[in-house]
């Protein structure tokens, strides 16, 4: 019966399993779809920019001609027709970039953590230690001055009503 479990695929997804037709590992899917979204948006804006001269503008009135809105649909279809092949290229480029982007992010985060552990945390700890030592020395000096005033008042036989340095 154990041979059957080796033949059947696991029900739990693995990190290397690919998401649907995109051929992207499950761990990289979010990055892939973000890259695709940004590239598609940029390409669509560029396609609209390139085709903007094909809208029928009424140069005399400075606005759209009376029948211009009938041509907006044709304009949109023209943009999308040019955009079809670009969409395939965008998807392929995103598939190629996804893993590199994720690995670069992991490398940068590792480098950041190294710098923080190596250089930043020791400086913070050093400043904390200095602050504690300086704070203790100042506190001790305040207590000693208060105690000297208290002892002097006792020697002179007068009442000492000054509150302690703690308040």
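In the numbering used here, the protein residues as written are 1 to 167. Built from N, CA and C at the ideal position, the CB exists for glycine as well.
Just measuring C-alpha positions, the residue of 92, 82, 105 sitting nearest residue 51 is 82.
In this structure, the straight-line span from the alpha carbon of residue 138 to that of residue 120 is close to 27 Å. By the CB criterion at 8 Å, residue 165 and residue 142 fall inside the cutoff. Counting other Cβ atoms within 10 Å of its Cβ, residue 152 stays below 16 and is therefore classed as exposed.
Comparing alpha carbon positions, the residue from 157, 75, 44, 102 closest to residue 85 is 44. Under the criterion of beta carbons closer than 8 Å, residue 36 and residue 94 qualify as touching, at roughly 4 Å.
Around the Cβ of residue 114, a 10 Å sphere holds fewer than 16 other Cβ atoms; the residue is exposed. Residue 74 carries a helical assignment under DSSP once its states are collapsed to helix, strand and coil. Straight through space, the alpha carbons of residue 40 and residue 90 are spaced by roughly 7 Å. For residue 103 and residue 23, the gap between their C-alpha atoms comes out near 17 Å.
Taking residue 99 as the centre and dropping the five residues before and after it, the same chain places the C-beta of 25, 28 closer than 8 Å to its C-beta, in chain order. Residue 156 carries a helical assignment under DSSP once its states are collapsed to helix, strand and coil. The straight-line gap separating the alpha-carbon atoms of residue 106 and residue 112 is approximately 10 Å.
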